[in-house]
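Here the sequence shown stands for residues -19 to -1, 1 to 124, where the numbers follow mature numbering (1 follows the signal peptide of the UniProt record, and there is no 0). Working notes, structure below.
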Amino acid sequence: MKRVSGVAAVMLGACVLMGAADGSWLKRVPAGDKAKVNPLAGQKEAAEAGEHLYEEACSRCHGKQAEGKGNRPTLISERMKTTTDGELAWLLRNGNSWKGMPSWSVMPDGERWQLVAYMRSINTPATAAGIAVEARKSDGAGQ
């Protein structure tokens, strides 16, 4: 009986994590947060600082090139292109514990906005294509 309940718990956990990229978190973002605009938008230095923060805080789960890793979603997607800056900042601040995304509420607001700037910079068509090529090379698929 213990084995059956253990297997059921593992399967339930897997189902929860497999839905990590379903976007259900967007429904919980308050209207005021959705409307927020990144005060660092368009600043190259902010995106570069965000890249360094990404490497330290995010790449372990989302991959070095934001390509997704295991059951963690890619950060280069149509959803990322259409999500507002405020929605992204809200997710970084609040996390989504049901889907394995931690809260980064201890991170200063300015750094979270730098991460949003970086995510925007990698979701341009040219950048996304270059990252995809690099990801394939690092996985050995491009050889």
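Virtual Cβ for every residue (Gly too), placed ideally from N, Cα, C. Predicted, not measured: the structure shown is a model, and the values here were computed from it.
Around the beta carbon of H33, a 10 Å sphere encloses fewer than 16 other beta carbons of the protein chains shown; the residue is thus reported as exposed.
Of the candidates G13, P83, T63, W71, W71 places its Cα closest to the Cα of W94. Between G31 and M100, the C-beta gap is smaller than 9 Å, which places the two residues in contact.
Pairing S86 with R74 gives a Cβ-Cβ distance under 9 Å.
Here T105 is exposed, its C-beta having fewer than 16 other C-beta atoms within 10 Å. Taking 9 Å as the cut-off, the beta carbon of K25 is found no closer than this to the beta carbon of T65. The residue from G67, A28, G51 with its alpha-carbon nearest to that of R9 is G67.
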